[in-house]
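Enquirer:
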Amino acid sequence: MEEASAATGAGGATILTSGIPVSVSCTASADGDASADPTATAAAAAASTVGDDEHDSKEVVLRRYFLHEWEIVSDILRRIVDAGGFAEPADVQRIRSIMDKYQEEGQLLEPYLESIISPLMLLVRSKTMELGAGTDELLDIIKPLCIIIYTLVTVCGYKSVIKFFPHQVSDLEPAVALLEKCHKMSSATALRQESTGEMETKCVVLLWLYILVLIPFDISSVDTSIATADHVDGPETVPLVTRILDICKDYLCSSGPMRRMSGLLLARLLTRPDMPKVFSSFMEWAQRILLSVTDDFVDQFRSIGIVEALASIFKIGNRRVLCDAVPGIWNNCSVVMKTNIASRSSLLRKFLVKLAQRVALISLPPRSPSWRYQSISSSLGANLSTSTDGSWTSSGSAQQVNIDQTDKSSLEEDMDVPEIVEEIIDLLLTGLRDSDTIVRWSAAKGVGRITARLTPALSEEVLSSILQLFSPGEGDGSWHGGCLALAELARRGLLLPSSFPDVIPVIIKALHYDVRRGPHSIGSHVRDAAAYVCWAFGRAYTNFDMKAVLQQLAPHLLTVNCRRAASAAFQENVGRQGNFPHGIDIVNAADYFALASRSNSYLNVAVFVAQYKEYLHPFAEELLCNKISHWERSLRELAAQALSMLVQYDMDYFTGYALEKLVPCTLSSDLCTRHGATLAAGEIALKLYQLGFTFTTGIVPAIEKARLYRGKGGEIMRSAVSRFIACISMAGISLNEKTKRSLLETLNENLRHPNAQIQCAAVDALKHFIPTYLVSSGEKIANDIIAKYLTLLDDPNVAARRGAALALGTLPYEFLVLKWMPIISKLCSSCTIEHKPDDPDAEARVNSVRGLILVCETLTASVEHNSSFGDCIYSYIKDKVIQALFRALDDYAVDNRGDVGSWVREAAMDALERCTFILCKRDNIAVRITQVAEHESESIDIDANAVNTRCQLFDSSIAQDLVAGIAKQAVEKIDKIREIAVKTLKRIFYNQEQFIPSIPYREVLEQIIPNRSDLEWAVPAVSYPRFVKLLQVSCYSKPVLSGLVISTGGLQESLRKASTSALVDYLQDSDINTIDEGKNREYLLSCDLLWVLEHYQKCDRVVTPTLKTVETLLSKKVFLGEGHSEFYSGLIKSLGPELKGSKDFAKLSAGLSILGYISSQSDGSGSKAFSQLLTFLGHRYPKIRKAAADQVYLVLLQNDSLIAAENMDKAQEVIAETCWEGDVEEARRKRSELNEMAGFGATTSQKPGNEETRRKTDERNAASTDENKSYSSLVDFSGY
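Heads up, the final residue of the sequence shown is numbered 1280 in the working numbering, and it's a clean run with no missing numbers.
Quick look at the structure:
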């Protein structure tokens, strides 16, 4: 309802259609010619500009923005008509996808409905007449057409669509026959995602009959079955009606939309003047079914269908006819309402409430009560054009609300309210308490409709009963239903101004309704409904009667925690009442979209509104009394920030009343209040200091003495206390030594806390606390603090190590300069995983990297660049810090959370970038200083290059390692890391303030990484095709390839495909020239692959995907053929130690495939590979033996030179007939036979005496290997 309320705000609503915002005025006319040809209007609209929108009619504007899609729809419709009604499924789906976008704003399609509906329904009609309703061919043609029509029904509503249905009298019988044919076909859509058209066809035909049964002739006169029958007296019901009734009764038990359509059809049919007997028969059937209802699901849907149909009948039926049925229907309604099936079905209760209210309206005579409040003008435009003379408004209002006592008495005497109406009112009041919103909403509308036909005295009784719903003992449903009922009464003018004193306090309470239940609160729907009441007030009453009310409601509308609904109500009242101070300015700032973000509402919109004195104190009071003690932590934090931003408007108020209220609240037993008050006190103190206010020295000791951060509250108070300390530190409030020590102890405790948020709050507080209070305390305090934090870096508690690393990074220059070398050295060792191999904690290493770079920046920001001390610091950064960060960039630690090393690598990339700027900045300064000194000494023959070389810290070696290390991260498997790596490189290459020199092959790098913002570097298809080009640069190719193989040989399918495709395309692209002339790309890649296998020997994280990459390349005919003997020999050499003793099935499988590919080659390496391949026929894992046997068989088929021709058939027979997954000893005997056939017997046979030794060695190796990985690989390979 919040959105619905906002959409009807005073200034109009803004809607989004096809990505184009369209401003639609609330008073714009929608009475345009809907039958005009949209294409003709669209052509004219295309020539107009968007700036003409305000001068055009609503229809022209809507057509202009639907122009590009209307052309698509009209083309499809034209094709369907030209094809005689045959529609392609793709065309139907296309139209549905276009129409579905307008679900929220169906009125945008109304100018086009006739052009869409009329030709489609004419096709349905003509095909029905032409082919006959009984043919299956007809259904195949009209189903796609009905899908399109029904899509428009769901988007625009059936009332808008049926206006364009054909309605000739001759269509009635064919339509009934078509409905019978549709009713007989079975639905095939139960388990299908896409619709086959059965349901849509039934609904469209039912709606067609809904129009056709309105023919102004007796239905019996158009029923051919009566004309051809020889009846003397005639039947009591005509056959055509009986057929419609029978089908509709069946559809009443449907769970789909046919239930509603059949109810509408029955209502139109049975309320005809010529259907009294049929009506009575249906009523008897309906009552009999309702009284026999059971808990069966079919009965549940049938009950819903019958009640919905009865509600439709009582809505449009003749009162004289329906009065006789009222007692029976109400009795049945009361019985069904008390059944279990009604208690479980909110939909059934909704229709029962709807039926009950319409029964009451039938029981009451229709009249427009003279006591109803009527505003002077219901048009906003008329209000703006009328005179604003207060005396005229006052007299007019008096005329409307004062009722002559004689007339009132006569009304009460003439009005005889049946007892059944009182019972129905009780039912509706009970419905206002229902647990479902749809029931409460229906009951509220029923209360409003019935009250409009009651006397003033009875209406006051109804209002009194509604106000009882707002008692504290009632639940949120009662409050919500009560607000909806009050809004309906106000909207209809049934809530007289004389009742405002009783109603307004209740509405104000509802605007602030918020009840906590466990970890959340309830009440947003109540606040939303209360805003709806305020919106209704603005539309229904004159500004004379609302003047006093608005003074009460305005501040509450601006502070209610249901922002957008309250904004709509506020806009409505500003536009129609005009009594709001600064109303237009506030409406412009607090619009629907500005309030979509809660933080924007609190920190921007509220601050803007609070500049007006009428709203400042209500805002501050709301924040102080309610929001800082709210159950939600994030809202309390927002409230504290908002309070600090309001200080600028009234410092005296906040230094006096606000702080006096907040300080005692910091001692509250309620955790939420204590937390919010602590945050707010700190933020206000800081803001007051920034505005020039000087605090007395007593405020902080008073809070510290109470030890507000102790006791209950735990984690939630620790961060608040840290923020409080940070605020008073920035404010520079005087503290005594005892308080300083106590606060420092508190921050040190928070540093050791395992919660990262608490640690960060403590670190932020230390950053301000130490410079403010401890720098002037002497070296002893500084040395003690440094020693404490350095000791914590080795603490067994991981949380203490994390906090200490961050704390060292916040120390000021005055502290760091005392022990800068031990601090940097300790942080450098804490950055790497080797520092604590027995207890690797990724967060501690991340914090160490962050603390390290902060220490470096703090030292270099204050040290003199030309001093020897400064030279020592910069040299230490180059020699120690940079290398430590390079080691951190190679952190690939994994735990049960995944690749936690990626956090360290991410921090290392940021630190390396900042370190690079530190060194380059110093190089530039040193060069300038040296040049000035040389110039002043007037020396001759100065060598500029010698000067630069002598002063340069950031040399080409560091630059190469930097780019290579970050580029490696740019091709690995984590999207976020790849994107961060590329952005880091872009900042290094294109920094405007500091040029980074000495980068090898800078031109190539800038071509690969252009200075553009439109590239999605996290998308594999974008990044990999560019970065594989670095494989042509020898100084970057090896690191880049060591990262690339992680992706090409990884487990993620989409990433593997994208990276492998990029690598293969790079090898096949003849336009890419290698930097090393005379060496082709395959050769360079093969050398780099061998380097990776050698450099990462026994590192399965890299070796396994590398072997998979080689296998993939070999499968794509890369490295096959002559000229790769050196590569084959290198692979065989690397595979030997890698596969020996390994239990990683993925690694073994890739190795076997590679050996198979090499064995298939005819050069000398094939024999060596085949020899190694045969050894795996006796492997201890059956699946490995089977995979090796498959490879051996394929090799023998491709290379017949490995085994002598006379032994080839026998060898193939041994391989094919041996059960390699069976007994291992048998497999090894067969392997020996194959070795002898191949001439490898003496080389590969194993002595029996070594069998036991080998078995024990295997068992020891198994104990030290990741058993889970090998077993999961085996299971995955086996297909289980």
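Don't be surprised by glycine CBs; every beta carbon is placed ideally from N, CA and C.
Kindly confirm or deny that the segment 647 to 659 and the segment 667 to 676 touch, where touching means at least three C-beta pairs closer than 8 angstroms.
Expert: no
Enquirer: For Ile316, count neighbouring Cβ atoms within 10 angstroms of its own Cβ and tell me buried if that reaches 16, exposed if not.
Expert: One-based indexing of the sequence shown puts residue 316 at position 316. Ile316 counts as exposed, since fewer than 16 other C-beta atoms from the protein chains shown sit within 10 angstroms of its C-beta.
Enquirer: Relative to the ligand GTP, is the shortest distance from any of its heavy atoms to the C-beta of His167 smaller than 6 angstroms?
Expert: Here there are no bound small molecules, and the ligand GTP is not part of this structure.
Enquirer: Might you give, ordered along the chain, the residues of its own chain that have their beta carbon closer than 7 angstroms to the beta carbon of Ala904, omitting 5 neighbours on each side?
Expert: Position 904 of the sequence shown holds residue 904. Here residue 904 is Val; the residue named in the question, Ala, does not match the sequence. Its chain contains Ala842, Arg845, Val846, Val849, Ala888, Asp891 as the residues whose beta carbon lies nearer than 7 angstroms to that of Val904, once the 5 sequence neighbours on both sides are disregarded; these appear in chain order.
Enquirer: Where DSSP assigns a beta bridge to Val515, which residues make up the other side?
Expert: Along the sequence shown, read from residue 1 onward, the residue named residue 515 stands at position 515. Paired residues: Ile522.
Enquirer: Is it true that the CB of Thr451 sits closer than 7 angstroms to the CB of Ser464?
Expert: To locate residue 464, count along the sequence shown from 1; it is residue 464. To locate residue 451, count along the sequence shown from 1; it is residue 451. Judged by their CB atoms, Ser464 and Thr451 are not nearer to each other than the 7 angstroms cut-off.
Enquirer: Can you give me the start and stop residues for the alpha helix (DSSP H) that Gln952 sits inside?
Expert: As a position in the sequence shown, residue 952 is number 952, starting the count at 1. Taken as a continuous stretch (DSSP letters only), Gln952 belongs to no alpha helix (DSSP H), as it is neither H nor E.
Enquirer: Where does Asp895 sit, in a helix, a strand or coil, going by DSSP?
Expert: Along the sequence shown, one-based indexing puts residue 895 at 895. Looking at Asp895 - three-state DSSP - the assignment turns out to be strand.
Enquirer: For the alpha helix (DSSP H) that Ile873 lies in, which residues bound it at each end?
Expert: Residue numbering aside, residue 873 sits at position 873 when the sequence shown is read from its first letter. Element bounds for Ile873: 868 to 876.
Enquirer: Between the alpha carbons of Gly870 and Val863, how many angstroms are there, rounded?
Expert: The residue given as residue 870 occupies position 870 in the sequence shown. The residue given as residue 863 occupies position 863 in the sequence shown. One C-alpha to the other measures close to 6 angstroms.
Enquirer: Pick out the complete alpha helix (DSSP H) segments inside the segment 472 to 505, 4 residues or longer, and give them in chain order.
Expert: 476 to 491
Enquirer: For my contact list, Ala569 and Leu557 are in at a C-beta cut-off of 8 angstroms; report their separation, rounded to the angstrom.
Expert: What you label residue 569 is simply residue 569 of the sequence shown in a count that begins at 1. What you label residue 557 is simply residue 557 of the sequence shown in a count that begins at 1. Contact flag correct, Cβ pair sits at about 6 angstroms.
Enquirer: So within the segment 822 to 866, which uninterrupted alpha helix (DSSP H) runs reach at least 4 residues, ignoring any that extend past its ends?
Expert: Counting whole runs of 4 or more residues, the segment 822 to 866 contains the alpha helix (DSSP H) stretches 842 to 862.
Enquirer: Nearest CA to the CA of Arg1304: which residue from Ser1142, Asp1190, Ile1158?
Expert: Only positions 1 to 1280 of the chain appear in the structure, and residue 1304 is not among them; the question remains open.
Enquirer: Measure the alpha-carbon distance for Lys921 versus Gln952 and round it to whole angstroms.
Expert: Within the sequence shown, the letter at position 921 stands for residue 921. Within the sequence shown, the letter at position 952 stands for residue 952. When rounded, the separation of the alpha-carbon atoms in Lys921 and Gln952 is 10 angstroms.
Enquirer: Using 7 angstroms as the threshold, is the C-beta distance between Leu428 and Ala443 below it?
Expert: Locating residue 428 in the sequence shown gives position 428, where the first residue counts as 1. Locating residue 443 in the sequence shown gives position 443, where the first residue counts as 1. Yes, the Cβ-Cβ distance between Leu428 and Ala443 is below 7 angstroms.
Enquirer: Across the segment 1111 to 1118 and the segment 1159 to 1170, are there enough close Cβ pairs to call them in contact, namely three or more that are closer than 8 angstroms?
Expert: no
Enquirer: How long is the line joining the alpha carbons of Ala589 and Thr437, rounded to whole angstroms?
Expert: Mapped onto the sequence shown, residue 589 falls at position 589. Mapped onto the sequence shown, residue 437 falls at position 437. Straight-line Cα distance between these residues: approximately 32 angstroms.
Enquirer: Using the Cα positions of Asn332 and Leu245, report the straight-line distance between them to the nearest angstrom.
Expert: Position 332 of the sequence shown, counted from the first residue, corresponds to residue 332. Position 245 of the sequence shown, counted from the first residue, corresponds to residue 245. For Asn332 and Leu245, the distance between alpha carbons rounds to 21 angstroms.
Enquirer: Between which residues of its own chain and Ile162 is the CB-CB distance below 7 angstroms, once the five residues before and five after are set aside?
Expert: If you number the sequence shown from 1, residue 162 lands on position 162. Here Ile162 has Leu207, Tyr210, Ile211 as same chain residues with Cβ atoms under 7 angstroms from its own Cβ, once five neighbours each way along the sequence are excluded.
Enquirer: Kindly indicate which three-state DSSP category Phe314 falls into: helix, strand or coil?
Expert: Counted from its first residue, the sequence shown places residue 314 at position 314. In this structure, Phe314 counts as helix in the three-state DSSP scheme.
Enquirer: What is the rounded straight-line gap between the Cα of Ile833 and the Cα of Val894?
Expert: By one-based count along the sequence shown, residue 833 stands at place 833. By one-based count along the sequence shown, residue 894 stands at place 894. Rounded to whole angstroms, Ile833 to Val894 spans 11 angstroms at the Cα level.
Enquirer: Looking at the structure shown, is Ile215 part of a helix, part of a strand, or coil, going by DSSP?
Expert: By one-based count along the sequence shown, residue 215 stands at place 215. It is coil, neither helix nor strand.
Enquirer: Where does the unbroken alpha helix (DSSP H) through Arg801 begin, and where does it stop?
Expert: Counting from one through the sequence shown, the residue named residue 801 turns up at place 801. It spans 798 to 810 - the alpha helix (DSSP H) in which Arg801 sits, taken as one unbroken run.
Enquirer: With distances taken Cα to Cα, identify the nearest neighbour of Leu1005 among Tyr990, Asp1014, Glu1016, Ala1018.
Expert: Indexing the sequence shown from 1 puts residue 1005 at position 1005. The shortest Cα separation from Leu1005 among Tyr990, Asp1014, Glu1016, Ala1018 belongs to Tyr990.
Enquirer: Given that a residue counts as buried once 16 or more other Cβ atoms are within 10 Å of its Cβ, and exposed if not, what is Cys856?
Expert: As a working note, residue 856 is residue 856 in the sequence shown. It is buried - the Cβ of Cys856 has at least 16 other Cβ atoms within 10 Å.
Enquirer: Expressed to the nearest angstrom, what Euclidean distance is found between the alpha-carbon atoms of Ala487 and Leu252?
Expert: In the sequence shown, residue 487 corresponds to position 487, counting from 1. In the sequence shown, residue 252 corresponds to position 252, counting from 1. Rounded to whole angstroms, Ala487 to Leu252 spans 34 angstroms at the Cα level.
Enquirer: Figure out for me which residue from Gln287, Gly431, Leu364, Arg372 has the closest Cα to the Cα of Ser343.
Expert: For the purposes of this step, residue 343 is taken as residue 343 along the sequence shown, with counting starting at 1. For Ser343, the closest of Gln287, Gly431, Leu364, Arg372 by C-alpha to C-alpha distance is Gly431.
Enquirer: Going by beta carbon distance, what residues of the same chain come within less than 8 angstroms of Gly1222, once the five residues before and after it are set aside?
Expert: Here residue 1222 is taken as the residue at index 1222 of the sequence shown, counted from 1. Here the set comprises Pro1182.
Enquirer: Return the chain-ordered list of same chain residues with a C-beta closer than 7 angstroms to the C-beta of Lys1079, the five sequence neighbours on each side being excluded.
Expert: By one-based count along the sequence shown, residue 1079 stands at place 1079. Taken in chain order, the list of residues that qualify is empty.
Enquirer: Would you report the Cα separation of Cys534 and Leu553, rounded to the nearest angstrom?
Expert: Numbered from its first residue, the sequence shown carries residue 534 at position 534. Numbered from its first residue, the sequence shown carries residue 553 at position 553. The straight-line gap from Cα to Cα measures roughly 8 angstroms.
Enquirer: Would you please state the rounded distance, in angstroms, between the beta carbons of Leu1173 and Val1195? I believe it to be under 8 angstroms.
Expert: Here the question's residue 1173 lines up with position 1173 in the sequence shown. Here the question's residue 1195 lines up with position 1195 in the sequence shown. The pair is a contact, with the Cβ atoms about 7 angstroms apart (cut-off 8 angstroms).
Enquirer: Determine the DSSP secondary structure at Ala610, reduced to helix, strand or coil.
Expert: Within the sequence shown, residue 610 is the residue found at index 610, counting from 1. In the structure shown, Ala610 sits in coil (DSSP, three-state: anything other than H, G, I, E or B).
Enquirer: How is Met275 classed by DSSP in three states: helix, strand or coil?
Expert: As a position in the sequence shown, residue 275 is number 275, starting the count at 1. Of the three classes helix, strand and coil, the one that applies to Met275 here is coil, per DSSP.
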